[in-house]
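In terms of UniProt numbering, the sequence shown has 362 at position 362, counting the first letter as 1, and numbering is strictly consecutive. For every residue, glycine included, the Cβ atom is placed at its ideal position computed from N, Cα and C. This report concerns only the one structure given below.
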Amino acid sequence: MAKKPLSPEARSIINSKVSRRAVLAGAGAVAGASALAACGSGGGSSENAIRWGNWPLYLDVDDSGKNYPTLQAFIKDSGIDVKYLEDYNDNDEFFGKVQAQLKLKKDIGYDLVCPTDWMAGRWIRLGYAQKFDSANIPNKSNIVDTLAAPSYDANRDYSLTWQGIMGGFGWNTTKNPKGIRTLDDLFSPANKGKIVVLSEMRDTIGIILMAQGVNLQTVTEAQFMNGVDFLAQKIADGWIRGVKGNEYAEDLTSGDATAVIGWSGDMFILKSENEGKFDFAIPESGGTISGDNMLIPSTATPEAKANAEKLINYYYEPAVAAEVAAYVNYFCPVKGAQAEMEKIDPDLAASEFIFPTAKTMANLSVFRALTPTEETTWTEAFQKAAGN
């Protein structure tokens with residue numbers, strides 16, 4: 001398909017202030033998205049169709065809230081119908097819903113899903129993902145280098161990043177006028193009792209571990225537990241007020257928190273909504289990068305698989321990726337999208353939240369895949385330290 005300029009609808013929402021993860025904090029986020037559930041004429045009712053399960057507010061949508069410009073362009077040009085379902089609220093919850101059918105090799109109701117890295121690793125490990133036909137996804141080569149070879153899918157045979165999520169330091173610029181770029185900066189006296197860290201283990205412990213000189217691709221259990229002990233001590237000593245999900249953004253805006261380990265997309269929103277009162281940076285010792293991934297379930301038919309591969313390839317076209325990035329404000333995983341965004345909005349193209357510089361990218365690490373035993377043991381240790 002020919003590359004397209006950013007649509008008028010996308011231009012109108014280019015400074016959207018809605019964060020996908022922030023919405024997930026609200027009760028009934030998925031239920032509230034039902035009006036946006038389907039795009040296309042017949043959904044999954046025909047052979048020439050794809051059923052795509054994704055997270056809420058994670059695709060460009062026009063002001064009416066009823067139309068997805070990039071998806072509708074794909075449907076029109078390809079003749080492939082797409083039923084777009086905002087059915088993701090939590091990785092474990094979604095997996096639990098489809099696991100039984102996957103085991104039985106029965107249709108799960110989706111031909112394309114979007115699990116986060118660690119869960120994508122589980123799908124692949126259990127044989128629940130289909131290997132891509134690379135000939136159908138030539139744009140696969142456009143994935144940014146940092147995301148190109150994760151340990152759970154080293155050759156990207158089964159998954160491609162939908163959007164990237166950077167973990168780092170966020171702060172109130174009035175309370176931290178010099179910014180926060182090290183753990184010492186985070187735990188400065190001015191922030192004592194007003195620090196919130198993420199309940200996502202791989203981000204919080206990952207950032208602590210890198211500050212301790214640990215490589216996240218080779219982290220051992222002993223190293224991990226040292227990071228957990230550090231966290232537990234900071235909580236016990238009254239430095240950290242909470243270990244939270246995206247609610248940390250509310251703590252920042254209310255003033256209950258002055259510094260956080262947080263996500264780039266949320267901090268982009270806070271900074272833009274509050275006239276620079278908040279800011280974000282990747283730690284000097286390294287930040288985390290993860291992603292939600294496009295993956296084809298083992299139960300998808302050959303026809304649906306081929307169509308899904310065409311859709312994946314389409315979203316790895318730089319101009320299309322830029323259009324999506326303008327709406328979702330997360331790290332764009334597609335090479336060339338920044339140049340396309342430059343034509344539309346130089347400010348967004350220059351944003352390190354969406355298009356980190358090469359220097360920043362070199363300082364981001366993916367947490368290695370864990371074995372099932374490690375996943376259980378390490379998660380329990382983290383949750384105990386966090387008081388959960």
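Below-8 Å beta-carbon distance, residue i vs any chain D residue
i: Glu200; result: Considering every chain present, this structure includes no chain D. It has just one protein chain.
Cβ-based burial, residue i [other Cβ within 10 Å; buried from 16]
i: Lys384; result: exposed
i: Asn155; result: exposed
i: Ser176; result: The sequence as given places Asn at residue 176; Ser does not occur at that position. Buried, because 16 or more other Cβ atoms sit within 10 Å of the Cβ of Asn176.
i: Gln212; result: exposed
i: Gln338; result: buried
i: Glu200; result: buried
i: Ala321; result: buried
i: Pro297; result: buried
i: Arg217; result: Here the sequence assigns Gln to residue 217, which means Arg is not the residue at that position. When all chains shown are included, Gln217 counts as exposed.
i: Gly276; result: exposed
i: Leu6; result: Reliability of the predicted coordinates at Leu6 is poor, the pLDDT of 46 falling under 50, and the value obtained from them is presented with this limitation in mind. Counting Cβ neighbours within 10 Å, Leu6 comes out buried, since at least 16 surround it.
i: Leu104; result: exposed
i: Gln163; result: buried
i: Asn274; result: exposed
i: Pro372; result: exposed
i: Asn307; result: buried
i: Thr70; result: buried
Residue i: first and last residue of the uninterrupted alpha helix (DSSP H) it sits in
i: Asn313; result: 302-315
i: Ala236; result: 221-236
i: Pro346; result: 346-349
i: Leu186; result: 183-186
i: Gln72; result: 69-78
i: Gln338; result: 337-342
i: Glu266; result: According to the sequence as given, residue 266 is Asp; it is not Glu. First-last of the alpha helix (DSSP H) with Asp266: 264-273.
i: Thr377; result: 372-386
For residue i, the residue or residues it bridges with in DSSP
i: Met166; result: Ile289
i: Arg51; result: Lys83
i: Thr161; result: Asn293
i: Leu198; result: Lys244
i: Trp171; result: Ala259, Asp279
i: Phe331; result: Gly164
i: Ser365; result: Thr288
Among the options, the one whose alpha carbon lies nearest that of residue i
i: Ile235; options: Lys192, Ile282, Arg181, Ser298; result: Lys192
i: Ile195; options: Val260, Ala148, Thr253; result: Val260
i: Gly168; options: Lys175, Ala154, Val197; result: Val197
i: Asn142; options: Asp266, Val320, Val334; result: Val334
i: Thr116; options: Ile165, Asn136, Gly286; result: Ile165
i: Val243; options: Met210, Arg202, Ala304; result: Arg202
i: Arg368; options: Phe355, Gly291, Gly53; result: Gly291
i: Trp378; options: Ala306, Phe132, Thr301, Glu221; result: Glu221
i: Lys310; options: Gly79, Lys66, Asp63, Gly65; result: Gly79
i: Asn215; options: Lys66, Ile75, Thr288; result: Thr288
i: Ile75; options: Pro56, Ala49, Met361, Asp87; result: Ala49
i: Gly121; options: Asp92, Met361, Asp60; result: Asp92
i: Asp256; options: Glu342, Asn226, Ile240, Phe268; result: Ile240
i: Lys305; options: Asp145, Gln130, Asp153; result: Gln130
i: Gln190; options: Thr258, Ser351, Leu85, Ile344; result: The sequence given here places Ala at residue 190; Gln does not occur at that position. Ranking the options by Cα distance to Ala190, first place goes to Thr258.
i: Ala381; options: Phe353, Ile312, Leu231; result: Leu231
Residue range of the unbroken beta strand (DSSP E) whose run includes residue i
i: Lys244; result: 240-244
Query - alpha helix (DSSP H) segments (min. 4 residues) lying fully within the region 103-151 - result: Scanning the region 103-151 for uninterrupted alpha helix (DSSP H) segments of 4 residues or longer gives 117-125, listed from N- to C-terminal end.
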